[in-house]
Each structure stands twice: as C-alpha cells, then as structure tokens.
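Read the structure below first, then the notes.
Residue numbers (the working numbering), protein chains in the order written: chain U, 142 to 301; chain B, 7 to 112.
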C-alpha cells in the first residue's frame, strides 16, 4: 500500500469486547461517531444513515453544520469479530462529495489490559471510469507526503 | 468552495510518479518549457506533453505560450484544496477517536 491514506492509532483502556461492540454495533457506532444508522453492520450490507449534530464541534463547526441531516451510505466490506471492521463510505457528506468514497478499516488488537485500535482510511479512488487514465491505475506512490511538501513550498513562496 | 470532483482529480493526477515528479520539479525550480520538463524526467516530449495536459485538466498546472515554446507553471489553489481535504478527514478521526475513548473507557 502506498501513502494515499490516513492512519490513526489509539490505545484504549477498555476490554476488547467493549471496544468491538462500540465499533461493530451500528447504533453504538452512531452514538460516538455522530450518525444515525438505519441497520446493523453485516458483511455485504448497504447501510444508510444521517449525520447528526454530535459530530459537529470545534473549528470546523461552520463547515460541518450544513451537513447535519445529510445522508451517508456505508457499504460493509468485512466484519471479523474482535479483529476487524471495514466499510466503504462517502468520505464526506454532502451531494458535492457523492462521487468520492474511501475504505475505512478498524483493526483491534489486545495490548496489556487495553486495546490498540488502528483506523485506516484509504483508497481515494472512486472516480468514474471515464475520468480515469488507465496508465496510472493502482499507483499512488507517496502523493500524500509529497502534497504536504508542495504545500509547504507554496506557503514559502507566498511569504517570500 | 472547490468541488470534490476537482479534489479527486488532483489526487488522481498526482497518483502517477512521473506527474508527481513534474509538479515537484516545477515547485523547486519555477516555470519550465515542455522540453525542460521532458529532460528533467527523462521522458520523450510527446509522453511529457500527455502528462502535462492531464495535470492541466486537473488544474494543477497551466501554461502560457512564449513564441513557439509552451511554459508550464504550478497552480497552488487545487493543491491546497486537496491538502485541506485530507486535513479535514484526518482531524475528523482525531475527534471521533476521543469520543470513542469517552464511550468505552470507564
């Protein structure tokens, strides 16, 4: 895998059964994530939901507020008890982002008396085929980091 | 606001190592002619033109004509928009993880 992904790690001081339940029970997931979810997370299922107010906070509140109530669809890819939950979803709510989906994977492993949780969001690859250039399929080498470098460079240019 | 489609085009455009190299090169050294770009990435002029045109469609570069030469320049806005998008997604997970922590920990 390349670096076209967002990767997060967290050590949670809770039993693995409770962490798995909080992630894999769609109602509980919705509670902490900030989403009303219409059905259970079952492999192969398409689950609809809506963004709720609780996902709105801090600096991006203004940006997010218009999204409250926006529909979100989750396509459940994998449900492996106490180990892994994966789904594809619209990375951001709102009609202008409808074409954009990413793969989200939660991976759990026991660590002492806690749980090491890894969240990976990857695969910004939902472009309609007609927009794709077949010569670069499957190759996304390093662009995230490079993009940051480019951004840093551009900032410097502006300051100069 | 930049549309998501535009952001995805940027991701796609930069998903090829040669095109990424072109963009980094234009950032490092400033505007270049098609021939200078081709030399910098060791590709034929024709292949380089194809890459440049794709970058141009994504809005990452644009060109101006100087006599018979075409000179290419990086466009910062689409790159910044793509960067902002990643930052937004990343920050959302940071906040979600903290809410999950409150939810599962005693």
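Yeah, the Cβ is synthetic: ideal placement off N, Cα and C, and Gly gets one too. This structure is a prediction, so every number in the text was calculated from the model and none was measured.
Problem - Assigned exposure category for residue 38 (chain B) - 16 Cβ within 10 Å defines buried - result: buried
Practice task
Taking only the alpha-carbon atoms, compute the straight-line gap between residue 110 (chain B) and residue 61 (chain B) and give it to the nearest angstrom.
Solution key: 46 Å
Practice task
List the DSSP bridge partners of residue 149 (chain U).
Solution key: U:260
Practice task
Counting only runs of 3+ residues fully inside the stretch 210 to 235 of chain U, write out the beta strand (DSSP E) ranges in chain order.
Solution key: Entirely contained in the stretch 210 to 235 of chain U, the beta strand (DSSP E) runs reaching 3 residues are, in chain order, 212 to 221, 225 to 231.
Exercise for the section: Examine chain U for any beta-carbon lying closer than 8 Å to the beta-carbon of residue 111 (chain B), and answer yes or no. Expected result: yes
Handout entry: Close Cβ partners of residue 178 (chain U) (< 7 Å) along its chain, the five nearest in sequence each way excluded
Key = 167, 168, 170, 171, 188, 190
Handout entry: Pairwise C-alpha distance: residue 70 (chain B) and residue 96 (chain B)
Key = 36 Å
Problem - Below-8 Å beta-carbon distance, residue 51 (chain B) vs any chain U residue - result: no
Problem - Stretch pair the stretch 26 to 41 of chain B + the stretch 78 to 90 of chain B: three plus CB contacts closer than 8 Å - result: yes
Exercise for the section: Starting from residue 110 (chain B), follow the alpha helix (DSSP H) in both directions and report where the run begins and ends. Expected result: 82 to 110
Handout entry: Beta-carbon proximity check, residue 262 (chain U) vs residue 159 (chain U), cutoff 8 Å
Key = Their beta carbons are not under 8 Å apart, which means residue 262 (chain U) does not touch residue 159 (chain U) by this criterion.
Problem - CB contact below 8 Å: residue 47 (chain B) versus chain U - result: no
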